[in-house]
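Input: a single structure, listed below in structure tokens.
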Amino acid sequence: MLLFRSEEHVRRWCEQWALAPGATLSLEQAWRLAHGWFEADRGAPEWQRQPLERVEALFASLGLTGAFWNLRG
Amino acid sequence: MDLEDILRRHIYDVTLAIGAPPAIAALADAAGQNADEVRAALQRLAVARILVLQPGSSEILMAPPFSAVPTPFLVTAERRGAASAESQTFSSYANCAWDALGVPVMMRTPARVTTACGCCGEAIVVDVEPDRPPHGAGVIHFAVPALRWWHDIVFT
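Residue numbers (our numbering), protein chains in the order written: chain A, 4 to 76; chain B, 18 to 173.
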């Protein structure tokens, strides 16, 4: 995942590398995703990877739905 | 507690202290195990998608959100040491733009992400608080659908 100055720069980059456009998040959306993902203390004895259902709920809470964000195949 | 849990805790303790995950030799010393046992436990952590290892050496490549090798996502923070009133600069590399935003969240401290536009190379600096989202221009592009992230986690 890369940071771009704008959606226009994402479009140019995809064109340059002949890639289909993926998903573009605002800084705020991406921070909220990072917050949900990394808030837990990974050094804590009880830490475990989040179950699929919680990841799906995090995606949904940020409006990240549809085929691109599907985790179940 | 099994060896994987011991290593996971130690890896994050060290990374949050010095900004990069420890090498196998240091992990072996810390855990009182030989390098082969540590390497096998790291492989199990990688299978569980908790770490990503370097393909040749089996050293840690990613202890998300931190990278063991330089990347385009430098994250720095000023923080006070426990034994000193003077602030110290914490410096680390994140694996990607998303992970870069995760570093201050995990550290629970403000941090600065220094990177460049993936398209044109223009410098981008984002100051990130641990408890509220940043504002300003800039977007993060996910190139690969979520279901395929782990097909090649280095390119997402």
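All C-beta atoms in this analysis are idealised placements derived from N, C-alpha and C, irrespective of residue type, glycine included.
Treat the numbers as computed from the prediction; the structure is a model and nothing was measured.
- prompt: Name the DSSP bridge partner or partners of B/Asp144?
  reply: Paired residue(s): B/Arg129.
task: Give the DSSP-derived three-state secondary structure of A/Phe7 in the structure shown.
output: Looking at A/Phe7 - three-state DSSP - the assignment turns out to be strand.
- request: Taking only runs that begin and end inside the region 16–61 of chain A, name each unbroken beta strand (DSSP E) of 3 or more residues, in chain order.
  value: 26–29, all fully within the region 16–61 of chain A.
At least 3 beta-carbon pairs within less than 8 Å: the region 67–83 of chain B vs the region 27–40 of chain B: Two segments are said to touch when three or more pairs of C-beta atoms, one from each, lie closer than 8 Å; by this definition the region 67–83 of chain B touches the region 27–40 of chain B.
- prompt: Between the beta-carbon of B/Gly24 and the beta-carbon of B/Ala58, is there less than 8 Å?
  reply: The question names Gly, yet the displayed sequence has Leu at residue 24 of chain B. When the beta-carbon positions are compared, B/Leu24 and B/Ala58 come within less than 8 Å of each other.
- request: Taking only beta carbons into account, state which residues of the region 29–49 of chain A come closer than 7 Å to chain B, listed in chain order.
  value: So the close ones are Ser29, Leu30, Glu31, Ala33, Trp34, Arg35, Leu36, Ala37, His38, Trp40, Phe41, Glu42, Arg45, Gly46, Pro48.
task: Within the same chain, show all residues whose beta-carbon is closer than 6 Å to that of B/Ser108, passing over the 5 residues directly before and after it, in chain order.
output: So the list reads Gly36, Thr93, once near-sequence residues are dropped.
- request: Classify B/Gln71 as helix, strand or coil using the three-state DSSP reduction.
  value: Note: B/Gln71 maps to coil in three-state DSSP.
field: Cα-Cα separation between A/Gly76 and A/Leu36, rounded to whole angstroms
entry: Between the alpha carbons of A/Gly76 and A/Leu36 lies a distance of about 21 Å.
field: Three-state class that DSSP yields for B/His158 in the structure shown
entry: Strand, per DSSP.
At least three beta-carbon pairs within less than 8 Å, the region 148–166 of chain B to the region 11–28 of chain A: With the rule of 3 Cβ pairs closer than 8 Å, the region 148–166 of chain B counts as touching the region 11–28 of chain A.
- prompt: Does any residue of chain B bring its CB to less than 8 Å from the CB of A/Ser9?
  reply: Yes - at least one Cβ of chain B is within 8 Å of the one on A/Ser9.
- prompt: So what does B/Glu95 bridge to, in DSSP terms?
  reply: Paired residues: B/Thr106.
field: 8 Å Cβ cutoff, B/Trp167 in contact with chain A
entry: Using a Cβ-Cβ cut-off of 8 Å, B/Trp167 does not count as an interface residue toward chain A, since no Cβ of chain A sits closer than that to its own.
message: Quick check: A/Leu5 and B/Ala114, are their CB atoms within less than 8 Å of each other?
response: Against a cut-off of 8 Å, the Cβ pair of B/Ala114 and A/Leu5 comes out as a contact.
task: Keeping to the same chain, check which residues put their C-beta closer than 7 Å to that of A/Leu65; ignore five residues upstream and five downstream.
output: The beta carbon of A/Leu65 lies closer than 7 Å to those of Gln32, Arg35, Leu36 in the same chain, with the five residues before and after it left out.
Inter-stretch contact at 8 Å, needing at least 3 Cβ pairs: the region 44–51 of chain A / the region 68–75 of chain A: Using a Cβ-Cβ distance cut-off of 8 Å, the region 44–51 of chain A and the region 68–75 of chain A are not in contact, since fewer than three pairs of beta carbons, one from each stretch, lie closer than that value.
message: Is it buried or exposed, B/Asp30, if we count other Cβ atoms within 10 angstroms and call 16 or more buried?
response: By the neighbour-count rule (16 or more Cβ atoms within 10 Å), B/Asp30 is not buried but exposed.
message: For a test of the three-state rule: what should DSSP assign to B/Ile77, helix, strand or coil?
response: Residue state, collapsed to three classes: strand.
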